[in-house]
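Reading through the structure tokens given below for one structure.
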Amino acid sequence: MSELTLKLIQIGFLALLWLLVLFVVTTMRSDLFSRRRAKAPKPVKPAKPGKAPKVEAAATAKPAKPPKPRRGAPRHLCVTGGSHEGTMIELGATPITVGRAPENTVVLDDDYVSGRHARLYPHEGAWVVEDLGSTNGTYLGKSRLSAPMAIPPGTPVRIGKTLLELRK
Numbered sequence: 005m006s007e008l009t010l011k012l013i014q015i016g017f018l019a020l021l022w023l024l025v026l027f028v029v030t031t032m033r034s035d036l037f038s039r040r041r042a043k044a045p046k047p048v049k050p051a052k053p054g055k056a057p058k059v060e061a062a063a064t065a066k067p068a069k070p071p072k073p074r075r076g077a078p079r080h081l082c083v084t085g086g087s088h089e090g091t092m093i094e095l096g097a098t099p100i101t102v103g104r105a106p107e108n109t110v111v112l113d114d115d116y117v118s119g120r121h122a123r124l125y126p127h128e129g130a131w132v133v134e135d136l137g138s139t140n141g142t143y144l145g146k147s148r149l150s151a152p153m154a155i156p157p158g159t160p161v162r163i164g165k166t167l168l169e170l171r172k
């Protein structure tokens with residue numbers, strides 16, 4: 005082979021190596037320093053001239069009570085494996101986020117967990133787990149999630165080295 009061919013092959017391999025390094029650094033940076041960005045508030049439509057908004061009805065309305073859980077529905081999210089084993093979180097109407105970032109509901113210090121790894125939320129009387137584009141995936145039982153799925157009580161949800169279960 006000529007010297008020119010060898011030099012071109014060396015430059016090509018060097019370029020590929022730098023692309024790999026940049027890809028790894030970008031992935032690690034987004035995983036370590038991911039922050040949830042707040043959505044911009046929806047613009048408020050101005051009131052039509054001549055019509056006054058109904059302020060009294062909103063001021064006298066009673067605050068809505070959170071719905072009572074169904075009979076037999078899970079009431080706790082338990083950590084059954086991993087560094088936070090034994091932790092119990094009471095389930096309510098708000099979603100639960102899991103990840104390494106400090107703004108998550110469940111913060112896991114695990115190398116296999118992304119900054120915003122997964123979300124658990126109530127939907128039509130059941131709790132649903134959704135992977136938020138994590139690098140290592142979220143598992144329900146032994147299957148990796150590709151779409152949001154309902155969690156049967158007692159079925160383990162694996163996020164990194166941590167196991168979570170819904171319990172009554």
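FYI, my numbering numbers position 87 of the sequence shown as 91, with every residue one higher than the one before it. Virtual Cβ for every residue (Gly too), placed ideally from N, Cα, C. Predicted model, so just to flag it, every value in this text is computed and none were measured.
Classification of residue i by the beta-carbon crowding that lies within 10 angstroms, buried from 16 upward
i, result
"Ile163", "buried"
"Ala151", "exposed"
"Thr142", "buried"
"Val29", "exposed"
"Gly103", "buried"
"Ile15", "exposed"
"Val133", "buried"
"Arg123", "buried"
"Trp22", "exposed"
"Leu10", "exposed"
"Ile13", "exposed"
For residue i, the first and last residue of its enclosing alpha helix (DSSP H)
i, result
"Leu81", "Element bounds for Leu81: not the alpha helix (DSSP H) but the beta strand (DSSP E), 80-85."
"Glu7", "7-36"
Residue interval of the beta strand (DSSP E) (run including residue i)
i, result
"Gly103", "100-103"
"Leu168", "166-171"
"Glu107", "It is not in any beta strand (DSSP E) - Glu107 carries neither H nor E in the DSSP assignment."
Contacts around residue i, its chain only, beta-carbon distance under 7 Å, and the 5 residues preceding and following it disregarded
i, result
"Asn140", "Tyr116, Gly164"
"Asp35", "Ser118, Gly119, Thr139"
Residues of its chain near residue i, where Cβ-Cβ distance is below 6 Å and the 5 sequence neighbours each way are ignored
i, result
"Met92", "His80, Cys82"
"Thr109", "Ile100, Thr101"
"Asp114", "Gly164, Lys165"
Supposed close pair residue i, residue j - CB separation, criterion 8 Å
i, j, result
"Pro157", "Leu170", "5 Å"
"Val161", "Leu144", "6 Å"
"His88", "Thr166", "7 Å"
Same chain, Cβ closer than 8 Å to residue i, five either side skipped, listed in chain order
i, result
"Lys172", "Gly76, Ala77, Pro78, Arg79, His80, Pro157"
Restricting to runs no shorter than 3 residues, where is the beta strand (DSSP E) found entirely within the region 116-161? 122-127, 130-135, 142-144
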